[in-house]
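Q: Dumping the structure here so I can ask a few things about it.
Protein chains in written order, with my numbering: chain A, 1 to 358; chain B, 359 to 716; chain C, 717 to 1074.
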């Protein structure tokens, strides 16, 4: 089953598992990285271990020079029409660390679109000049459509989805998994852990993607804490239940805080408000973490946040060793470097350097 | 005859051949690349062959590493005050391929101009930091003025004109010639070919520049197809006639389609409309290429377009092997890399690597 | 005494000498470069000599390759929320010359700030991805606050202040000192020289910073020439007097022109006008340099300007060998490269290459 077997109208109605096959290579690792559903236990383990090797190698000057020599012959296009300095800089850094040169289009106003060019033609233009496209867009499904377009062209270069609409943000889910794995490394890994999500669960795509990936681990328990109108959507719950995952939805954060292993805070996504100001009317005061809340958490619990934050986590918490969000962000850079390296088949070379030098 | 022999008022009234001499080096290759008139059969052949060598070398990782080592000690300023992601990315890629670091100014709003600095001072600033300036501007003749300014300064670095006003876009003409040469390589080259131009011929600077360069080849025949108000301007026709070139102007595309070797489509340049919407009133429906039109073309004809396109060429045509526009765009990257390499005297080193390794 | 000894409210009220200690390393060179007061005769001499070595090494291709190999394992964030193409490009070039990769945020509109993130969190984000932050801002004291923030975080990377508000622009002062030192190299150095400042002395931060640094040299005499409302502020004069420096404030430029060794012109900083148009009402016609003024200057005087200029210096003066402003600008690139190299402890390696190859 291949992308080229379908026209777009047929393709977009395929089931997710069918799409995953289409966008993957023979060994089931992603060619285009578009959905969190493309990750399974095998390629997650592979990517996390590659990220750790890269991170370790990068600690020395000699190692950094090795990494910069990995892909100097490749160039990446960062096509970010939805503003995001964080994800942008994370991918930029990832590219620079493993030696790719980068071009960027961040503002569609300076692009050719004003001349009446279609998005398909823009993408084909980028694919003429670059070897990989990393794209972020407000438009749901755009990355998928562009991946299909390229796979049906004469120059089918890979696409990485750096966030499309409210839907998919697979590399955010990757970095979350990587952070959980690193944090629980000496505590038996992710299995048997309880993860609490707090905040705007209805609209945060990171929560949705991460929930999906957690299905790959045994005996995970999920606690969804949100004010009623922002609670996790039913389809996520159904999916969890159908996979036998134990979950709870509640609006009482303090009740569950003492028993969880990881707390995943999120901010109110009011940029997606349908009616302007509707989020502001919801009382979110009981969904914040300060020093008092940290006091009732387990001593080895970890506190995560995809950032940027507003006041969901008080600044004073930053110095608590359980606060993991800054490290989580840096993990994003490493796991993205690993993903790009893996896309260009560099894993073996990294592995070899690691074995011989570390 | 040298740039420094004249003040600007004198210089700008020189004849084109005199300017060409001023902006060239001893061997008559351009120092500053400003006009398509600077290209003759000798330097066109040289650049096209250099582009092909670079393109071939770039196919291997080892070759890419060689190319990246060509000019790591040089840095380029991309000064693009007229929006153009396509030309910008093409030059950026060209620079990266042969190892130049790049700085960019794409938005005059964030430049010093708001502080009352003249353009001459801005250019001298860029020339203080960089080794070559690649510039694009809405203002006719600006690149020429800036080249004159630098040649009369203490740091006379080269300028490449990446499009100035409706007037000159010499590297577009270069890539068109390169595409024609590659396409007709096994059919005796450009000589004796018929090239058809279709669309907004009055305002498309690419048509004008390419017509100029075609004068360098023997027995070329040109067919200009446009609605009356967009037909090619008289001065181009006169120039062709005076050089003994056979040309036809018509509004009947379908009549001539079966006999031409190359079709060069262009889009309506309505961003230059004097009265807003004036272009939209002209019936352009008979100046489009679809599957029906391709059916009546020669089996070895080629279809070109400088891109971006609107609906002048139907998407369905993209998969026709005669559709050359995506390759044409990629050719632009190679010929620009060749031009920059040639400007910095790297041709011999490329040549040597090519002879020894390919 | 360390940054971490204080919370921000305490820290910001420390005296300047106390802050200088906090932001420096053991050898009293800056860790964060924030104030011109951090420079003393020792580290100025060190930086200027490093800049000259880098500049000399850069003259050959082999030397440029050595320089590019200095810091390929480091990456710099250019965070420029106050527009400035000049300082931006100067730092960009400095980074590229010594091999750093660069990321940039120039427009806060595309940053995370619209999502409600604090500046402190933004800076910590950048520090997660990069190894040094070079920042420019309209907000007085911001760079200092950010340096304090980073020094109190888990990833205390260095900050270089590329201009904050009307207050500090230490690298501009550095490049001015470097230009003066180079110019007077064969005339016994800066000691015993008379430096004239002309223009908007009340608001130009460069004048203030340079005056501070000149305190490090013996027997300097300063002449401040400005229309009354733009004259140098009293605190600068008091500081000079208390250090025993001879100074004059006057509005008669022509009287003093024949006796000065350096003329430092500045432009009217009307972007800081409190009432729009207030600067335009002041007669500044007698504070400009043209060919007539150059005629009455010493034959070995030098003419400087931080640029951009308006009409304070006539274009005709550019070809006078005493006009030093273009070279001054290029000096900025070299001294910034030296500062970054020094921040990352590369001075010894540069020195070694210089001794062995030049």
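Backbone N, C-alpha and C define an ideal beta-carbon position, used for all residues, glycine too.
Can you list, in chain order, the residues of its chain with a C-beta nearer than 7 Å to that of residue 910 of chain C? Leave out the 5 residues immediately preceding and following it.
A: For the purposes of this step, residue 910 of chain C is taken as residue 194 along the third chain, with counting starting at 1. Correct list, in chain order: 937, 939, 975, 976, 977.
Q: Give me the residue from C:982, C:987, C:1053, C:1035 with the minimum Cα distance to residue 1027 of chain C.
A: Counted from its first residue, the third chain places residue 1027 of chain C at position 311. Per the Cα distances, C:982.
Q: Distance, Cα to Cα, residue 913 of chain C vs residue 972 of chain C?
A: As a first step, residue 913 of chain C must be located in the third chain, where it is residue number 197. As a first step, residue 972 of chain C must be located in the third chain, where it is residue number 256. Answer to the nearest angstrom: the Cα atoms are 11 Å apart.
Q: Below 8 Å CB to CB, which residues in the same chain sit around residue 14 of chain A once its five sequence neighbours on both sides are set aside?
A: Here residue 14 of chain A refers to the residue found at position 14 of the first chain. Correct list, in chain order: 6, 22.
Q: Does the separation of the CB atoms of residue 3 of chain A and residue 242 of chain A fall below 8 Å?
A: Here residue 3 of chain A refers to the residue found at position 3 when the first chain is read from its first residue. Here residue 242 of chain A refers to the residue found at position 242 when the first chain is read from its first residue. Not in contact: residue 3 of chain A and residue 242 of chain A (Cβ atoms no closer than 8 Å).
Q: Give me the Cα-Cα distance between residue 963 of chain C and residue 1062 of chain C, rounded to the nearest whole angstrom.
A: Translated into positions along the third chain, residue 963 of chain C becomes position 247. Translated into positions along the third chain, residue 1062 of chain C becomes position 346. Taking the straight line joining both Cα atoms gives about 38 Å.
Q: Looking only at its chain, what residues have a beta carbon closer than 8 Å to the beta carbon of residue 857 of chain C, apart from the 5 residues adjacent to it on each side?
A: The residue labelled residue 857 of chain C in the question sits at position 141 within the third chain. Only 728, 880, 881, 883 meet the Cβ criterion.
Q: Residue 128 of chain A versus chain B: which residues are under 8 Å apart at the beta carbon?
A: Looking up residue 128 of chain A in the first chain gives position 128. 684, 687, 688, 691, listed in chain order.
Q: Write down the C-beta distance between residue 162 of chain A and residue 200 of chain A rounded to the nearest angstrom, noting that I regard them as a contact closer than 8 Å.
A: Stepping through the first chain from its first residue, residue 162 of chain A is reached at position 162. Stepping through the first chain from its first residue, residue 200 of chain A is reached at position 200. Rounded, the Cβ-Cβ distance is 20 Å, inconsistent with contact.
Q: Quick one: list the residues of chain A neighbouring residue 791 of chain C, beta-carbon separation under 7 Å, in chain order.
A: One-based indexing of the third chain puts residue 791 of chain C at position 75. By Cβ distance, chain A contributes 93, 96.
Q: Chain B partners of residue 154 of chain A, CB-CB under 8 Å?
A: Sequence index remark: in the first chain, residue 154 of chain A carries index 154 (1-based). By Cβ distance, chain B contributes 684.
Q: Going along chain A, which residues have a C-beta under 7 Å from residue 821 of chain C?
A: Counted from its first residue, the third chain places residue 821 of chain C at position 105. 85, listed in chain order.
Q: Would you say residue 146 of chain A reaches chain C, if we count a Cβ-Cβ gap shorter than 8 Å as a contact?
A: Position 146 of the first chain, counting from 1, holds the residue named residue 146 of chain A. False, the Cβ-Cβ gap to chain C never drops below 8 Å.
Q: Is residue 792 of chain C buried or exposed, if buried means 16 or more other CB atoms sit within 10 Å of its CB?
A: Stepping through the third chain from its first residue, residue 792 of chain C is reached at position 76. Residue 792 of chain C should be labelled buried.
Q: Considering only residues of the same chain and omitting the five flanking positions on each side of residue 695 of chain B, which have a CB-CB separation below 6 Å?
A: Start at 1 with the first residue of the second chain, and residue 695 of chain B comes out as number 337. Counting only Cβ-Cβ distances below 6 Å, and skipping sequence neighbours, we find 412, 452, 455, 456.
Q: With 8 Å as the C-beta to C-beta threshold (strictly closer), list the residues of the segment 6-24 of chain A near chain B in chain order.
A: The segment 6-24 of chain A vs chain B, Cβ under 8 Å: nothing.
Q: How many Å lie between residue 330 of chain A and residue 192 of chain A at the Cα?
A: Taking the first residue of the first chain as 1, we reach residue 330 of chain A at position 330. Taking the first residue of the first chain as 1, we reach residue 192 of chain A at position 192. When rounded, the distance between both Cα atoms is 26 Å.
Q: Which residues does DSSP pair with residue 105 of chain A in a beta bridge?
A: As a first step, residue 105 of chain A must be located in the first chain, where it is residue number 105. Partner(s): A:79.
Q: May I have the straight-line CA-CA distance separating residue 497 of chain B from residue 573 of chain B, to the nearest angstrom?
A: Reading the second chain from its first residue, position 139 is the one you call residue 497 of chain B. Reading the second chain from its first residue, position 215 is the one you call residue 573 of chain B. Whole-angstrom Cα-Cα distance: 27 Å.
Q: Measuring CA to CA, which of C:845, C:1040, C:840 is closest to residue 1021 of chain C?
A: On the third chain, position 305 is the one that residue 1021 of chain C refers to. For residue 1021 of chain C, the nearest C-alpha among the options comes from C:1040.
Q: To which residues of the same chain is residue 511 of chain B closer than 8 Å at the C-beta, ignoring the five residues directly before and after it?
A: Mapped onto the second chain, residue 511 of chain B falls at position 153. For residue 511 of chain B, where only same-chain residues beyond five positions count, the Cβ hits under 8 Å are 482, 485.
Q: With distances taken Cα to Cα, identify the nearest neighbour of residue 760 of chain C among C:735, C:906, C:951, C:1010.
A: For the purposes of this step, residue 760 of chain C is taken as residue 44 along the third chain, with counting starting at 1. Of the listed residues, the one whose Cα sits closest to residue 760 of chain C is C:906.
Q: Is the shortest distance between the beta-carbon of residue 447 of chain B and the beta-carbons of chain A less than 8 Å?
A: Walking along the second chain from the start, residue 447 of chain B turns up at place 89. Yes, residue 447 of chain B lies at the interface with chain A (some Cβ there is under 8 Å from its Cβ).
Q: Work out the CA separation of residue 885 of chain C and residue 848 of chain C for me, nearest whole Å.
A: In the third chain, the residue the question calls residue 848 of chain C occupies position 132. In the third chain, the residue the question calls residue 885 of chain C occupies position 169. Using only the alpha carbons, I get a separation of about 17 Å.
Q: Please name the residue, chosen from A:207, A:218, A:264, A:263, that lies closest to residue 237 of chain A on a Cα-to-Cα basis.
A: Locating residue 237 of chain A in the first chain gives position 237, where the first residue counts as 1. Per the Cα distances, A:207.
Q: Going by CA-CA distance only, name the one from A:27, A:353, A:30, A:39 that's closest to residue 178 of chain A.
A: Position 178 of the first chain, counted from the start, is the residue given in the question as residue 178 of chain A. Nearest of A:27, A:353, A:30, A:39 to residue 178 of chain A, Cα basis: A:39.
Q: Between residue 788 of chain C and chain A, is there a C-beta pair that is closer than 8 Å?
A: Translated into the one-based positions of the third chain, residue 788 of chain C becomes position 72. With 8 Å as the cut-off, residue 788 of chain C counts as an interface residue toward chain A.
Q: In chain order, which alpha helix (DSSP H) runs of at least 4 residues are fully inside the segment 407-452 of chain B?
A: Within the segment 407-452 of chain B, the complete alpha helix (DSSP H) runs of at least 4 residues are 419-426.
Q: Indicate whether residue 1033 of chain C and residue 1005 of chain C have their beta-carbon atoms separated by less than 8 Å.
A: On the third chain, position 317 is the one that residue 1033 of chain C refers to. On the third chain, position 289 is the one that residue 1005 of chain C refers to. Yes, these two residues count as a Cβ contact at 8 Å.
Q: How close, in whole Å, do the beta carbons of residue 693 of chain B and residue 532 of chain B come, if the pair is a contact with beta carbons under 8 Å?
A: Here residue 693 of chain B corresponds to residue number 335 of the second chain, with the count starting at 1. Here residue 532 of chain B corresponds to residue number 174 of the second chain, with the count starting at 1. Yes, they are in contact, since the Cβ atoms of residue 693 of chain B and residue 532 of chain B sit about 5 Å apart, within 8 Å.
Q: Rounded to whole angstroms, what is the Cα-Cα separation between residue 106 of chain A and residue 440 of chain B?
A: The residue labelled residue 106 of chain A in the question sits at position 106 within the first chain. The residue labelled residue 440 of chain B in the question sits at position 82 within the second chain. Answer to the nearest angstrom: the Cα atoms are 16 Å apart.
Q: Return yes when the Cβ of residue 610 of chain B is within less than 8 Å of the Cβ of residue 568 of chain B, no when it is not.
A: For the purposes of this step, residue 568 of chain B is identified with residue 210 of the second chain, where counting begins at 1. For the purposes of this step, residue 610 of chain B is identified with residue 252 of the second chain, where counting begins at 1. Taking 8 Å as the Cβ cut-off, residue 568 of chain B and residue 610 of chain B do not qualify as a contacting pair.
Q: What's the C-alpha gap between residue 366 of chain B and residue 477 of chain B?
A: Within the second chain, residue 366 of chain B is the residue found at index 8, counting from 1. Within the second chain, residue 477 of chain B is the residue found at index 119, counting from 1. Answer to the nearest angstrom: the Cα atoms are 14 Å apart.
Q: How about residue 436 of chain B and residue 460 of chain B: do their beta carbons lie closer than 8 Å?
A: Within the second chain, residue 436 of chain B is the residue found at index 78, counting from 1. Within the second chain, residue 460 of chain B is the residue found at index 102, counting from 1. Result yes, Cβ atoms of residue 436 of chain B and residue 460 of chain B sit closer than 8 Å.
Q: Give me the Cα-Cα distance between residue 343 of chain A and residue 789 of chain C, rounded to the nearest whole angstrom.
A: Looking up residue 343 of chain A in the first chain gives position 343. Looking up residue 789 of chain C in the third chain gives position 73. Computed Cα separation, rounded: 23 Å.
Q: Return the Cβ separation of residue 888 of chain C and residue 918 of chain C in integer angstroms, given the expectation that the two are a contact with Cβ distance under 8 Å.
A: Indexing the third chain from 1 puts residue 888 of chain C at position 172. Indexing the third chain from 1 puts residue 918 of chain C at position 202. Not a contact, Cβ separation roughly 17 Å.
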